[in-house]
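Asks:
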Amino acid sequence: MKDSLRTGITFGLTSGAITTLGLMVGLHSGTHSRLVVIGGILTIAIADAFSDALGIHISEESERVHTTTQIWGSTLATFLSKFFFALTFAVPVIFFPLTVAIAISLVWGLSILTLLSYLLAQAQGDRPWKVVGEHLLIAIIVITFTHFLGDWISSVLA
1065 MKDSLRTGIT FGLTSGAITT LGLMVGLHSG THSRLVVIGG ILTIAIADAF SDALGIHISE
1125 ESERVHTTTQ IWGSTLATFL SKFFFALTFA VPVIFFPLTV AIAISLVWGL SILTLLSYLL
1185 AQAQGDRPWK VVGEHLLIAI IVITFTHFLG DWISSVLA
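Residue numbers (my numbering): 1065 to 1222.
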């Protein structure tokens, strides 16, 4: 059960960081609307948390090596970690100007991803800088792409 919980939590936190940051940055660059960004965060927290939980559930079932308890443990851990972590990104958006909130959220999300990647590398005996760098690079690519996508959508549809 411990491995199932670790799977769900690490997946939920990783997906929560990258997906929520990508969506926030894209919506901000496309709309500059606090309401739209908060709506996006809430959508991620609910719809994407359920989607990711179901994805983990089906993936674990397809491996045919996990017990029903392990499968549901991973499912629930994925949902709860993604749901609650995604909601943390709403806090700065509520209390700070939107541009400042986006910066705070980037620091928060990338810090959690860095810490999680570092702990993963240590647990697996890998070089932390390599694992952290790889994971941050992927996150930064997603964030950069969604920023420019938001700009492009805004310029084409506005």
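Using N, Cα and C, we set each Cβ at its ideal position, and we do this for glycine too. In this text, all values refer to a predicted model and were calculated from it rather than measured experimentally.
Just how far apart, CA to CA, sit His1211 and Ala1167?
Replies: If you number the sequence shown from 1, residue 1211 lands on position 147. If you number the sequence shown from 1, residue 1167 lands on position 103. Those two C-alpha atoms are separated by around 13 angstroms.
Asks: Taking the C-alpha atoms as reference points, what is the distance between Leu1077 and Leu1179?
Replies: If you number the sequence shown from 1, residue 1077 lands on position 13. If you number the sequence shown from 1, residue 1179 lands on position 115. Between Leu1077 and Leu1179, the C-alpha separation is close to 11 angstroms.
Asks: For the alpha helix (DSSP H) that Pro1156 lies in, which residues bound it at each end?
Replies: Along the sequence shown, read from residue 1 onward, the residue named residue 1156 stands at position 92. Element bounds for Pro1156: Ala1154 to Phe1159.
Asks: Taking the alpha-carbon positions, what's the Ser1115 to Leu1140 distance?
Replies: Position 51 of the sequence shown, counted from the start, is the residue given in the question as residue 1115. Position 76 of the sequence shown, counted from the start, is the residue given in the question as residue 1140. Their Cα atoms are separated by approximately 12 angstroms.
Asks: Just the Cα atoms here: how many angstroms apart are Ile1073 and Ala1187?
Replies: Working through the sequence shown from its first residue, we reach residue 1073 at position 9. Working through the sequence shown from its first residue, we reach residue 1187 at position 123. Between Ile1073 and Ala1187, the C-alpha separation is close to 15 angstroms.
Asks: Would you decide whether Val1161 is buried or exposed? Buried here means 16 or more other CB atoms lie within 10 Å of its CB.
Replies: One-based indexing of the sequence shown puts residue 1161 at position 97. Checking the displayed sequence, the identity of residue 1161 turns out to be Pro instead of Val. Exposed, since its Cβ has fewer than 16 Cβ neighbours within 10 Å.
Asks: At which residue ranges does the segment 1110-1176 contain complete alpha helix (DSSP H) runs of 4 or more residues, listed in the order of the chain?
Replies: Correct list: 1113-1127, 1132-1152 and 1154-1159.
Asks: Considering only the alpha carbon of each residue, which of Ala1113, Ser1181 and Ser1169 lies closest to Val1089?
Replies: Counted from its first residue, the sequence shown places residue 1089 at position 25. Val1089 has its Cα closest to that of Ser1169, out of Ala1113, Ser1181 and Ser1169.
Asks: If you count every other CB in all the chains shown that lies within 10 Å of the CB of Gly1103, and 16 or more means buried, which is it?
Replies: Locating residue 1103 in the sequence shown gives position 39, where the first residue counts as 1. With fewer than 16 other Cβ atoms within 10 Å, it is exposed.
Asks: For His1199, which residues from the same chain have a beta carbon less than 7 angstroms from its beta carbon, with the 5 sequence-adjacent residues on both sides left out?
Replies: Mapped onto the sequence shown, residue 1199 falls at position 135. Once the five neighbours on either side are set aside, the close Cβ partners of His1199 are Leu1177 and Ser1181.
Asks: Tell me the rounded alpha-carbon separation between Gly1173 and Ala1154.
Replies: One-based indexing of the sequence shown puts residue 1173 at position 109. One-based indexing of the sequence shown puts residue 1154 at position 90. The alpha-carbon atoms of Gly1173 and Ala1154 are separated by roughly 12 angstroms.
Asks: In whole angstroms, what separates the C-alpha of Phe1209 from that of Val1129?
Replies: On the sequence shown, residue 1209 is found 145 positions in, with the first residue counted as 1. On the sequence shown, residue 1129 is found 65 positions in, with the first residue counted as 1. Phe1209 and Val1129: Cα-Cα distance of roughly 37 angstroms.
Asks: Would the beta-carbon of Ala1185 be found less than 6 angstroms away from any heavy atom of the ligand ADP?
Replies: The ligand content of the structure shown is nil, which means the ligand ADP is not present either.
Asks: Could you work out which residue in His1096, Gly1137 and Lys1194 is closest to Ala1117 when comparing CA atoms only?
Replies: If you number the sequence shown from 1, residue 1117 lands on position 53. Closest option to Ala1117, Cα to Cα, is Gly1137.
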